[in-house]
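The block underneath contains the structure these notes are about, expressed in C-alpha cells.
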Amino acid sequence: MDTTDRIEQLDNVVLSPDKNSVVIIDQTLLPNRLEYLTLSKAEDLYDAIVMLRVRGAPAIGIFAGFASYVLGRQIKTQDYEEFSGKFFKNTAYLNSARPTAVNLEWALRRMDGVVRENPHKTVPEILQLLERESLAIRKEDIAMCTAISENGLKVLKDGDSILTHCNTGPLATSRYGTAIGPVLLGHERGLNFKVFADETRPLLQGARLTAFELYKAGVDVTLICDNMASLVMKNGWVQACLVGCDRVAANGDTANKIGTSGVAILARHYNIPFYVLGPTSTIDLECPTGEDIEIELRAPEEIKEKFYTQPKALPEVKCYNPAFDVTDHSLITAIITEKGICYPPYSDSLRLLFD
Ligand code: MRU
C-alpha cells in the first residue's frame with residue numbers, strides 16, 4: 054500500500070483478525086511511507102506509544118484498549134486473582150508510557166473496570182468482555198468524532214479559512230478527527246474551507262500528518278512554520294482557529310501540543326475565535342486546573358537532531374523540550390464536544406456534560 058490511498062478511509066488502529074495483535078499505521082514514517090505494524094509484545098506496544106508510532110489522544114486511548122486485551126490473552130492462568138494481578142500490572146505499564154493525554158488512562162481504567170467488576174466470571178468469559186470493551190472504545194470514538202465534526206460545523210461558514218496546530222485528523226483518532234473533523238466532513242458535503250497547518254515543531258505533526266491528510270482528502274491546505282501564524286492572522290487570512298486537546302481541566306484550561314497556547318494568545322490579539330475540539334473522554338473533571346496537568350518532557354535529540362542530516366546545535370547545548378502546553382481557559386472561545394458546544398464559564402458548562 055502506498056501513500057496515495059485515501060488516508061481518511063484507512064483504519065489507523067485495529068485489532069488483528071486473530072486477536073493476537075494490535076495493527077497500527079506507523080505514523081513516524083508518514084508522509085513518505087505508509088506502513089502497518091503488527092504488535093503483540095508488551096515492550097513493543099509500550100514503545101509504540103512512547104515513540105509516537107501511534108499518537109493523538111483518542112488514538113492512544115483506542116490503542117491502549119486493544120493493547121491491554123492482547124496482553125490479557127497472553128496471561129496463562131484460569132485463576133481470577135492471578136489473572137487480575139497480571140492484567141493490572143500490564144495496564145499500569147502501558148499507562149506509564151505518556152503522562153499528558155488523559156485518554157490513555159481513561160481507556161485503561163475502562164479495561165481495568167471490566168476485570169474488577171467480574172470476579173465471579175471465568176477467565177475466558179472476562180477475556181470476551183475485554184474484547185467487547187476494547188471494540189466499544191473504538192466504535193464510540195468513531196461516533197464521537199462524527200458528532201464533534203457536526204457540532205464544529207455550527208461555528209464555521211462556507212469559505213472560512215482555518216488555522217490549526219498539530220494533528221487532530223483521522224490519524225489521531227478513528228474517523229474524521231476532532232479539530233480537523235469539521236473541515237473533512239464539510240468538504241465531503243461540498244463546503245470550501247481553507248486550512249493553514251502549523252508545521253508543529255519539533256516533531257512536525259502538522260507538516261507530516263495534517264498537511265498530508267488534508268491534501269489527500271482534497272482540502273485546500275497551506276503549510277506554515279509555527280512562527281508564521283501571527284503574520285497569517287494579521288493579514289486577515291484566518292477566520293477561526295481549531296485545535297484539539299490532550300486533557301481539559303475542570304475549569305477549561307486545556308493541555309494540547311506545545312505551541313497551542315501561543316496560537317491562542319495570537320488569536321486573542323487579532324480577535325479571531327479560538328476553538329478547542331475533543332471528545333468528553335478528554336475532559337478530566339478530577340483535574341481542577343491546568344496547573345495540575347503533568348506535561349511530558351521529551352528528549353533533546355528531537356530538537357537538535359531529528360529530521361536533520363547533521364545535528365543543528367552543539368551536543369553541549371541544553372534543550373528544554375516540553376511536548377505540551379496549557380492554554381488558559383480565558384483564551385478559549387468554546388470547547389466543542391460530541392455532546393454539544395460549551396461556552397464560558399467552563400466550570401459550569403463542562404460539568405453539565407456529565408450530568
Ligand atoms: O504528541 P502528540 O502528537 O500525541 O500530540 C497530539 C496533540 O497534541 C493533539 O492535538 C491531541 O492529542 C488531540 S488529537 C485529536
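Here the working numbering is used: position 30 in the sequence shown is 83, and no number is missing along the way.
All residues carry an ideal CB built from backbone N, CA and C; glycine is no exception.
Since this is a predicted model, take the numbers as computed values, not measurements.
Cutting at 8 Å between CB atoms, please list the residues of its own chain near residue 106, excluding the five before and the five after it. Once the five neighbours on either side are set aside, the close Cβ partners of residue 106 are 77, 79, 80, 81, 90, 100.
Our contact map puts residue 164 next to residue 332 with C-beta atoms below 8 Å; I'd like the distance itself, whole angstroms only. About 17 Å separates the CB atoms of residue 164 and residue 332; that is not less than 8 Å, and the two are not in contact.
Look up residue 54 in the DSSP assignment and say whether it is helix, strand or coil. No answer about residue 54 holds up, because its pLDDT of 43 lies below 50 and its placement is not dependable.
Can you tell me where the alpha helix (DSSP H) holding residue 222 begins and where it ends? It is not in any alpha helix (DSSP H) - residue 222 carries neither H nor E in the DSSP assignment.
Beta-carbon proximity list for residue 137, same chain, < 8 Å, skipping 5 on both sides: Scanning its chain for C-beta atoms nearer than 8 Å, with the 5 sequence neighbours on each side dropped, one finds around residue 137 the residues 168, 169, 172, in chain order.
Taking the alpha-carbon of residue 290 as reference, which of 214, 401, 191, 372 has the nearest alpha-carbon? The shortest C-alpha separation from residue 290 is found at 214.
Check each candidate in 406, 64, 280, 238 and name the one with the smallest Cα separation from residue 319. Relative to residue 319, the option among 406, 64, 280, 238 whose CA is nearest is 280.
According to the Cβ coordinates, are residue 349 and residue 151 closer than 8 Å? Against a cut-off of 8 Å, the Cβ pair of residue 151 and residue 349 comes out as a contact.
Report all residues from its chain with a CB closer than 8 Å to the CB of residue 312; omit the five preceding and five following residues, and keep chain order. These residues qualify, in order along the chain: 218, 219, 251, 253, 254, 279, 378.
Residue 111 Cβ short of 7 Å to the ligand MRU heavy atom set: Result yes, Cβ under 7 Å from the ligand MRU.
Contacting residues, own chain, Cβ-Cβ under 8 Å from residue 372 (five flanking each side not counted): So the qualifying residues of the chain are 353, 356, 357, 366.
Give me the Cβ distance between residue 308 and residue 321, rounded to the nearest whole Å; I'm assuming they're in contact under 8 Å. With a Cβ gap of about 18 Å, residue 308 and residue 321 do not count as contacting.
Name, in chain order, the residues that DSSP records as bridge partners for residue 310. DSSP, once it has assigned bridges, lists 377 as partnering residue 310.
Would you please state the rounded distance, in angstroms, between the beta carbons of residue 156 and residue 223? I believe it to be under 8 Å. Separation of the CB atoms of residue 156 and residue 223 is rounded to 16 Å, and the pair is thereby denied contact status at 8 Å.
Collapsed DSSP secondary structure at residue 129 in the structure displayed: DSSP places residue 129 in coil when its eight states are reduced to three.
When burial is assigned at 16 or more other CB atoms within 10 Å of the CB, is residue 122 buried or exposed? Residue environment: residue 122 is assigned as buried (16 or more neighbouring CB atoms within 10 Å of its CB, all protein chains considered).
Where residue 212 falls: helix, strand or coil (DSSP): The answer is coil: DSSP assigns residue 212 none of H, G, I, E or B.
Using the rule of at least 16 other Cβ atoms within 10 Å of the residue's Cβ for burial, across every protein chain shown, is residue 395 buried or exposed? It counts as buried.
Taking only three categories from DSSP, how would you classify residue 194? Residue 194 falls in the helix class under three-state DSSP.
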